[in-house]
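Comments concern the structure below.
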């Protein structure tokens, strides 16, 4: 009986290679889909919210069929069990975005957590041992990109078999926008422009606060610093003479002396968009020689 049992085991072992060979042939006759991308993650780098470019980019995906049967499928995006929208550590809400499938010319944005499937959508058909490049356009809502840093969302790109919805292949990725620290400065009110310079006429100089109305407009992706540099170190000078009249400025509710490099800093750390009143305070105008007194005041802004 021991010999018979040993023979049975040998017979069973001999059957195993035949079974494996049959399974291997079955796999070779199936669709075997792989997904590759030219970029591991789809990140728009170096976006400046105060620049002239839009937060938009395109990314290519290569679908490859290594099997012996055709693959017929639709592509969808699925969020990673979180609400739709890009998030940023410094931003409380979510920023909307769109994903356009340029191969089928349909909106593939996972607004409700996944791309909306449609039987009217043209499927991708891959014969055996072939590949197809599909280009996707990713664009973020620029109005929500107010703070600097990375806005992101984790997605999966899934190829679903047409008719059954079975997942043939998938690829995890992060889509997002990397926003640069940036700030921009503007001026409004009573001034004229001469080339790149704003020319402010203070009128007849008298001690006290000038009646000229000006506003500094500051926008930044975080708290910011304004710097004021006076060519004459806080003096209005009569051209080609030693005659001068001291002055200061007030920005918002802060008085800034111009003997050195005066500064104004916004509070907090959040993105800012401020309109700050700018006034000129004249000191010691009486008894001065008549003429045109002037100075060049340079204002600059930088994120803190």
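Numbering (the numbering used here), first residue to last: 1008 to 1311. Note that CB positions come from ideal geometry on N, CA and C, so glycine has one too.
| Asked | Found |
| --- | --- |
| Residue range of the beta strand (DSSP E) that includes residue 1201 | 1199-1201 |
| C-alpha distance - residue 1229 paired with residue 1052, whole-angstrom precision | 18 Å |
| Whole runs of the alpha helix (DSSP H) within the stretch 1225-1258, excluding any shorter than 4 residues | none |
| Beta-carbon proximity list for residue 1293, same chain, < 7 Å, skipping 5 on both sides | 1214 |
| Residue 1287, enclosing beta strand (DSSP E) - first and last residue | 1279-1289 |
| Candidates 1307, 1269 and 1248: closest to residue 1297 by CA position | 1248 |
| Per DSSP, the bridge partner or partners of residue 1079 | 1132 |
| Rounded separation between residue 1069 and residue 1085 - CA only | 18 Å |
| Cβ-based neighbour list, residue 1172, same chain, cut-off 6 Å, excluding 5 preceding and 5 following | none |
| Cα-Cα separation, residue 1119 to residue 1090 | 8 Å |
| Span separating the alpha-carbon of residue 1083 from that of residue 1226 | 38 Å |
| Rounded distance between the beta-carbons of residue 1148 and residue 1103, thought under 8 Å | 5 Å |
| Spatially closest choice to residue 1285 from 1272, 1262 and 1188, by CA coordinates | 1262 |
| Own chain partners of residue 1113 with C-beta closer than 6 Å, once the 5 adjacent residues on each side are dropped | 1128 |
| Three-way DSSP call (helix, strand, coil) for residue 1073 in this model | coil |
| Three-state secondary structure (DSSP) of residue 1150 | helix |
| Selection from 1235, 1191, 1299 and 1057 that minimises the alpha carbon distance to residue 1224 | 1191 |
| 6 Å CB neighbourhood of residue 1076 in its chain, flanking five on each side removed | 1036, 1037 and 1038 |
| Alpha carbon of residue 1040 to alpha carbon of residue 1071, nearest angstrom | 6 Å |
| Euclidean distance between Cα positions of residue 1274 and residue 1078 | 58 Å |
| Counted within 10 angstroms of its Cβ, other Cβ atoms place residue 1131 as buried (16 or more) or exposed | buried |
| Coarse secondary structure for residue 1002, derived from DSSP in three states | Residue 1002 is absent from the structure shown; the chain starts at 1008 and stops at 1311. |
| Anticipated Cβ contact below 8 Å, residue 1062 with residue 1184, distance rounded | 5 Å |
| Option nearest residue 1134 by Cα separation, candidates 1161, 1211 and 1073 | 1073 |
| Backbone CA spacing between residue 1187 and residue 1277 [nearest angstrom] | 14 Å |
| Continuous beta strand (DSSP E) stretch holding residue 1186: start and end | 1174-1186 |
| Beta-carbon spacing of residue 1312, residue 1233 below 9 Å | Within the shown structure, residues of the chain are numbered from 1008 to 1311, placing residue 1312 beyond reach of any answer. |
| Member of 1138, 1304, 1179 and 1150 whose CA lies at the smallest distance from the CA of residue 1204 | 1304 |
| For residue 1137 and residue 1180, the rounded distance between their alpha carbons | 24 Å |
| Buried versus exposed call for residue 1260 [16 or more other C-beta atoms within 10 Å across all chains shown] | exposed |
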